[in-house]
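Protein chains in written order, with this note's numbering: chain W, 1 to 207; chain Y, 1001 to 1207; chain H, 2001 to 2207; chain L, 3001 to 3207.
Some notes on the structure that comes next.
4 protein chains.
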Amino acid sequence: MEHMTTVSVQESADQDRKAPGRPRNAQADLDIIQAVFDLLGSGLSATALSIEAVAAKAGVGKATIYRRWPNKEALLVDAIATMKGPLPKPVGESVRDDLVMLVSAMRNKRMERYGKVTACLLPEMAKSPELRRIHQSVVEPRREVTRGVLRRGIETGELRADLDVELTLLMLSGPIFAQNVMQWSPLATDENFAEALVDAVLRGAAA
Amino acid sequence: MEHMTTVSVQESADQDRKAPGRPRNAQADLDIIQAVFDLLGSGLSATALSIEAVAAKAGVGKATIYRRWPNKEALLVDAIATMKGPLPKPVGESVRDDLVMLVSAMRNKRMERYGKVTACLLPEMAKSPELRRIHQSVVEPRREVTRGVLRRGIETGELRADLDVELTLLMLSGPIFAQNVMQWSPLATDENFAEALVDAVLRGAAA
Amino acid sequence: MEHMTTVSVQESADQDRKAPGRPRNAQADLDIIQAVFDLLGSGLSATALSIEAVAAKAGVGKATIYRRWPNKEALLVDAIATMKGPLPKPVGESVRDDLVMLVSAMRNKRMERYGKVTACLLPEMAKSPELRRIHQSVVEPRREVTRGVLRRGIETGELRADLDVELTLLMLSGPIFAQNVMQWSPLATDENFAEALVDAVLRGAAA
Amino acid sequence: MEHMTTVSVQESADQDRKAPGRPRNAQADLDIIQAVFDLLGSGLSATALSIEAVAAKAGVGKATIYRRWPNKEALLVDAIATMKGPLPKPVGESVRDDLVMLVSAMRNKRMERYGKVTACLLPEMAKSPELRRIHQSVVEPRREVTRGVLRRGIETGELRADLDVELTLLMLSGPIFAQNVMQWSPLATDENFAEALVDAVLRGAAA
DNA sequence: TACTAAGCGAGACGGTACGTCGCGTCTTCTT
DNA sequence: AAGAAGACGCGACGTACCGTCTCGCTTAGTA
Chain W
1 MEHMTTVSVQ ESADQDRKAP GRPRNAQADL DIIQAVFDLL GSGLSATALS IEAVAAKAGV
61 GKATIYRRWP NKEALLVDAI ATMKGPLPKP VGESVRDDLV MLVSAMRNKR MERYGKVTAC
121 LLPEMAKSPE LRRIHQSVVE PRREVTRGVL RRGIETGELR ADLDVELTLL MLSGPIFAQN
181 VMQWSPLATD ENFAEALVDA VLRGAAA
Chain Y
1001 MEHMTTVSVQ ESADQDRKAP GRPRNAQADL DIIQAVFDLL GSGLSATALS IEAVAAKAGV
1061 GKATIYRRWP NKEALLVDAI ATMKGPLPKP VGESVRDDLV MLVSAMRNKR MERYGKVTAC
1121 LLPEMAKSPE LRRIHQSVVE PRREVTRGVL RRGIETGELR ADLDVELTLL MLSGPIFAQN
1181 VMQWSPLATD ENFAEALVDA VLRGAAA
Chain H
2001 MEHMTTVSVQ ESADQDRKAP GRPRNAQADL DIIQAVFDLL GSGLSATALS IEAVAAKAGV
2061 GKATIYRRWP NKEALLVDAI ATMKGPLPKP VGESVRDDLV MLVSAMRNKR MERYGKVTAC
2121 LLPEMAKSPE LRRIHQSVVE PRREVTRGVL RRGIETGELR ADLDVELTLL MLSGPIFAQN
2181 VMQWSPLATD ENFAEALVDA VLRGAAA
Chain L
3001 MEHMTTVSVQ ESADQDRKAP GRPRNAQADL DIIQAVFDLL GSGLSATALS IEAVAAKAGV
3061 GKATIYRRWP NKEALLVDAI ATMKGPLPKP VGESVRDDLV MLVSAMRNKR MERYGKVTAC
3121 LLPEMAKSPE LRRIHQSVVE PRREVTRGVL RRGIETGELR ADLDVELTLL MLSGPIFAQN
3181 VMQWSPLATD ENFAEALVDA VLRGAAA
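What follows is the structure, given as structure tokens:
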């Protein structure tokens, strides 16, 4: 794994042996990711999210970006990872509350940018299994949290014993995704959307 | 409406007055769309789906493409329209049967290509409301058919009276979309997937 | 031979069959070469003679330059060819007059630029026999003219019968070259330099 | 004078006061110059004679080079100085013998590299009078030796009293230069070339 | 023995130019 | 007119060096 994907992985990998030469400027990483957000925020086309623009905005040489990520897509995957923030942790009191929390976490205001970045990635992901794998390594842990909530619900009897976990997961994340990335159905702005979706799904999933 | 969007629209627009000069080569339209499919099929990156490559593959000058579509995205929208084929018509016997049919129609083998083309469009769609509008003019009629089925179900009492049609629509199309475009959840290959999804949705939607 | 080297060669090569597609803009060729001269004239370093600068100065895209010449050096060779202008033609009355004319032709005011351009080429020529060959195809015809004058002088008895033509040629062109390119010996500004050099050489070469 | 130009100069400059800190590694100087020679010898383009390549070849950090020379050109000038070796000393028996010796010294096998290095310098020398001055400080002493031989020849009556020393010098060094740097006239390989050139020049210069 | 000061290999840094590719437009000749 | 061909201005791509700047380490002279 050449590029970072996540900082924690890299730091834990090496055996305390300090790399020779001048160390990377950690601030540059932040500046670059921030520049990606700024550019996406300033209303310009996702196609216009060029490495050159990012470098200029971040006040950084192009090489400094290419030293960290092998290409534009890898950078964007890491931008996504940053946007997602830390893994959400379900409280565990009730399946409904946990799911509402998880679904809401997929739909906060940062997700406007998330949709744009993902859109930028899709053309390349459609082809490259490698990129898809990297992207999944960011997305899948979050999906796994939801799976855990569903499985626990089955154990506690809150959910039907024969529930198709994978299908239910898709019914929760698919609509969110369609809104974030495809900008379908303006009800996306509805504050109660998360609850409505979870309730609709649970109505068919409850024991 | 500059570009075609659908062939039928254009042909009905002109008033029998024969245009002067050499008529357009109708075969070229087919060749161009076919070239788009061929390129997507030949395993190359979606980014590599350039107009130049399409023109070369179709044995056509670039101007011949730009004479028909104002830009790359418009061409791809029409490619999608072609892939989708004619509007599906629900039989009307039962809501379940109709929904299974509609969902299945979104997931046949052509849809692998559909995901790729859509992926190509997303970066530009994220910015351009114009392109989003055009794309919707292709997608929305299909979604409207589904809405009709749901509304009829409410009328006949097959579905709950207080059903949120828009949300239900999203629960049907979102998972499909997530599979087609994002290639999430390998159960996409399951032949029974359409039935399973519809049943899960209906379980919470039934009266 | 991909690039032009000389316009005349190219035009005589094809068999009256017009190339398909939009023809090259002949003005662009002139603009590009002119931009090279302008940049060299405006006192900037030869290293700064970048293709990007030439394109900007000429109001032309980089691709338009690379369509005509495979690289920077090839462009400069053609710039040299242009600077040299048409082959000088010796009058033939006396060897001395002809040589003075030829030597003077190598040292006019355009030659300041000539030195700069040649200097730009040398690093690459030192390695690439191909580039050296191209450059020689521009320079050699002129050297051949001088050889002709010398050989005729031997025939007419004006010059010693056992004269080493090649060595004499080198004694005439070497000093000029050292001045033009290396900027040795400030006597280069002397108006009588051509006569002085020719006389000095002839003093040892006369019959 | 920031850089070395010649080692001897620098060493004589300091007043026995030992500089504090770790002394420079004298071997590095040799390794660097040697790396320049090796790279030029290994048949690669003169353009490829990058500082980075030199540093890598010499097993040295880039900073170690820049600590000794202010830029690439200064390094190359010193490489030339090294190649030239110590000032040749004319025997003084006859003008012809001395000139043959001096001309031969400009044309030994090391001079193949000399031509390449000089070629690398020319683009920058064409602009920078400073670099030209530095280069002359290496070349000029050698030219001065030749001038001395010519002047002595005039005094002894071996050469014409009204001989133009500067022009004669140019007639001797120009051809050599044209061969070394421009690789003109393959007779450069002729072992008798030095004698032939000197004789030709003297034939017109003799009293 | 410890401190100070510089040299050293390594390599990151902000830049600039390279040569390539695709965009959407244009200009030619042919159909 | 439409068509195939392909040149045009533009701008981003990813690479290579430039000359500068840290890093941690080594190697002296001085305290």
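Even for Gly, the Cβ is constructed at its ideal location relative to N, Cα and C.
From a predicted model like this one, the values you see are computed outputs, not experimental measurements.
In the same chain as A194/W, and ignoring 5 residues on each side of it, the C-beta atoms closer than 6 Å to its own belong to V100, V103 and S104, in chain order. Within its own chain, the residues whose Cβ lies closer than 7 Å to the Cβ of M3111/L, once the five positions on either side in sequence are excluded, are N3180, listed in chain order.
For the C-beta of V2201/H, the chain L residues within less than 9 Å are, from N- to C-terminus, M3171, A3200, V3201 and G3204.
Put simply, the backbone Cα of A1028/Y is about 7 Å away from that of V1060/Y. Per the DSSP secondary-structure output, A206/W pairs in a beta bridge with L159/W. Put simply, of L2122/H, L2087/H, R2147/H and V2145/H the residue whose alpha carbon is nearest the alpha carbon of H2135/H is L2122/H.
At the C-beta level, E1073/Y and E1124/Y come within 7 Å of one another. F2037/H has a beta carbon lying at 7 Å or more from every beta carbon in chain L.
Between D3038/L and G21/W, the alpha-carbon positions lie close to 26 Å from each other. DSSP places V1036/Y in the helix class (H, G or I) of the three-state scheme. Closest by C-alpha distance to L2087/H, out of A2205/H, R2142/H, W2069/H and L2167/H, is R2142/H. Here I2033/H is not near A2081/H, since their CB atoms are 7 Å or more apart. The three-state secondary structure of K57/W, taken from DSSP, is helix. A residue is called buried when at least 16 other Cβ atoms come within 10 angstroms of its Cβ; L1167/Y meets this threshold and is buried.
Cα atoms of T2118/H and L2131/H: separation of roughly 12 Å, rounded to the nearest angstrom. Excluding five sequence positions before and after G148/W, the CB atoms of its chain that fall closer than 8 Å to its own CB belong to P90, given in chain order. Between F1177/Y and R1107/Y, the alpha-carbon positions lie close to 9 Å from each other. Distance from the Cα of L3030/L is smallest, within the candidate group K3018/L, R3068/L, A3048/L and A3046/L, for R3068/L.
N2108/H sits in coil when the DSSP states are folded into three classes, being neither helix nor strand. Nearest neighbour of G3157/L by Cα position, chosen from P3023/L, S3137/L, G3085/L and A3205/L, turns out to be A3205/L. In terms of beta-carbon proximity, E3166/L lines the interface with chain H, with at least one pair separated by less than 7 Å. Excluding residues up to 5 positions away in sequence, N1180 and V1181 lie with their Cβ nearer than 6 Å to the Cβ of G1115/Y in the same chain. Taking 7 Å as the Cβ-Cβ cut-off, the segment 2132-2154 of chain H approaches chain L at R2132, given in chain order. At least one C-beta of chain Y is nearer than 7 Å to the C-beta of E124/W. Only G3043, L3044, S3045, A3046, T3047, A3048 and L3049 from the segment 3041-3070 of chain L bring a Cβ to less than 9 Å from some Cβ of chain H. At a cut-off of 7 Å, the C-beta of G2157/H has no neighbouring C-beta in chain L. Per DSSP, reduced to three states, the secondary structure at R3024/L is coil, with no helix or strand assignment.
In this structure, the CA atom of K57/W is about 17 Å from the CA atom of N71/W.
DSSP places Q1179/Y in the uninterrupted alpha helix (DSSP H) bounded by V1165 to M1182.
Chain Y has no Cβ within less than 7 Å of the Cβ of A28/W. Spatial neighbours of V54/W in its own chain (CB-CB distance under 7 Å, excluding positions within 5 residues in sequence) are listed in chain order as I32, A35, V36, L39 and I65. Using beta-carbon distances, K127/W counts as an interface residue toward chain Y, with a partner under 7 Å. In the DSSP annotation of this structure, the continuous segment of the alpha helix (DSSP H) that includes K2084/H starts and ends at K2072 to K2084.
Under a criterion of Cβ atoms nearer than 7 Å, the residues of chain L adjacent to M2182/H are, in order, F3177.
Taking a beta-carbon distance threshold of 7 Å, K3116/L counts as an interface residue toward chain H. The criterion of a C-beta distance shorter than 7 Å is not satisfied by G1092/Y and G174/W.
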